[in-house]
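Residue numbers (my numbering): 14 to 274.
#1: Assign residue 235 to one of three DSSP states: helix, strand, or coil.
#2: Please determine, among 46, 143, 188 and 39, the residue with the shortest C-alpha to C-alpha distance to residue 256.
#3: Flag this pair as yes or no: are the beta carbons of residue 211 and residue 218 separated by less than 9 Å?
#4: Which same chain residues, not among the five before or five after residue 269, have their C-beta less than 6 Å away from its C-beta?
#5: Where residue 230 and residue 157 are concerned, what is the direct C-alpha to C-alpha distance, given to the nearest angstrom?
#6: Select from 181, 207, 140 and 155 the residue whose C-alpha is nearest the C-alpha of residue 253.
#7: What residue range is occupied by the uninterrupted beta strand (DSSP E) comprising residue 214?
#8: For residue 226, tell me which candidate among 247, 51, 185 and 263 has the shortest Cα-Cα distance.
#9: Please determine, among 249, 222 and 190, the residue with the shortest C-alpha to C-alpha distance to residue 261.
#10: Among 265, 271 and 153, whose alpha-carbon lies nearest the alpha-carbon of residue 198?
#11: Are the CB atoms of residue 214 and residue 264 within a distance shorter than 9 Å?
#12: Using a Cβ-Cβ cut-off of 7 Å (strictly less than) and excluding sequence neighbours within five positions of residue 233, which residues of its own chain qualify?
#13: Tell me whether residue 259 is buried or exposed, calling it buried when 16 or more other Cβ atoms sit within 10 Å of its Cβ.
#14: What do you get for residue 145, buried or exposed, if any count of 16 or more other CB atoms within 10 angstroms of its CB means buried?
#15: With DSSP as the reference, please indicate the residues paired to residue 268 in a beta bridge.
#16: With DSSP as the reference, label residue 263 as helix, strand or coil.
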């Protein structure tokens, strides 16, 4: 009889297929957890609110009112018989005839005379005694001034006539020389005696202006001085008046060179 050999069943080998098995177990657990979480979320999620639109029927549109019927044409009144018209005319009282107004006579308009304006009467004011005295005093002063003016003209004319061919007074000569000396431009030589002079004949108008250029009647012996003195006399135009207001018509004037120093 054959011999039997007793054999033991093979157990799982340790260390073989451990890692894949572990990974598969982890994956299964993960799927299980995800499925449970998804189920919980799906049950607890809030449902979206339901929206319903309500529709209201439109109001009925009233039909437009029909236009009013056109007014009936007015029927012409039947003409009354002529007999009625004649009767009415006979029964109407006749209006009294209006009398025409009489014509109005138009009178010519008479021109109005302008009103005479009476001149205003001047109110005569009597002067006071002081005013009368003042006016008399002023009139007397004017009379005395006029007398003095006339007297001065007469005496001046007589004096001019008497002095025309002669020599002027010392006072008037000083006035004339004061007008002439500033215009003399001449250097007087040293040692010129005081007795040396030049004599000029001068003719004037009543206004003091020179009637003609001065004439040298007597030379001084210094021709340069004589020319300078003549030019200075010509520049003094018009001549000054005398103290009494008159101007001699013709006179002789002596000019000394030593006076120009």
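Even glycine gets a Cβ: it sits at the ideal position worked out from N, Cα and C.
Since the model is a prediction, treat every value here as computed from it, not as a measurement.
Per the coordinate set shown:
#1: Along the chain shown, read from residue 1 onward, the residue named residue 235 stands at position 222. Residue 235 falls in the coil class under three-state DSSP.
#2: The count along the chain shown starts at 1 and reaches residue 256 at position 243. When only C-alpha atoms are compared, the closest one is 188.
#3: Locating residue 211 in the chain shown gives position 198, counting from the first residue. Locating residue 218 in the chain shown gives position 205, counting from the first residue. Cβ atoms of residue 211 and residue 218: not closer than 9 Å.
#4: Indexing the chain shown from 1 puts residue 269 at position 256. Closer than 6 Å at the Cβ level, and outside the excluded window around residue 269, lie 210.
#5: Within the chain shown, numbered from 1, the residue matching residue 230 stands at position 217. Within the chain shown, numbered from 1, the residue matching residue 157 stands at position 144. If you take the alpha carbons of residue 230 and residue 157, they lie about 44 Å apart.
#6: As a working note, residue 253 is residue 240 in the chain shown. Nearest C-alpha to residue 253: 181.
#7: Counting from 1 along the chain shown, the entry for residue 214 is found at position 201. 211–216 is the span of the beta strand (DSSP E), which, as asked, contains residue 214.
#8: Taking the chain shown and counting its residues from 1, the one referred to as residue 226 is at position 213. Residue 247 is the option with its Cα nearest to residue 226.
#9: Residue mapping note: residue 261 aligns to position 248 of the chain shown, counting from 1. When each option's Cα is compared against that of residue 261, the closest is 222.
#10: As a working mapping, residue 198 is identified with position 185 in the chain shown. The residue with the shortest Cα to Cα distance from residue 198 is 271.
#11: Taking the first residue of the chain shown as 1, we reach residue 264 at position 251. Taking the first residue of the chain shown as 1, we reach residue 214 at position 201. Their beta carbons are under 9 Å apart, which means residue 264 touches residue 214 by this criterion.
#12: The residue given as residue 233 occupies position 220 in the chain shown. Here the set comprises 209, 210, 211, 239 and 270.
#13: Position 246 of the chain shown, counting from 1, holds the residue named residue 259. The residue in question, residue 259, is buried, as its Cβ has 16 or more Cβ neighbours within 10 Å.
#14: For the purposes of this step, residue 145 is taken as the residue at position 132 of the chain shown. Answer is exposed; the Cβ neighbour count stays below 16.
#15: Your numbering for residue 268 matches position 255 in the chain shown. Bridge partners of residue 268: 211.
#16: Stepping through the chain shown from its first residue, residue 263 is reached at position 250. Strand.
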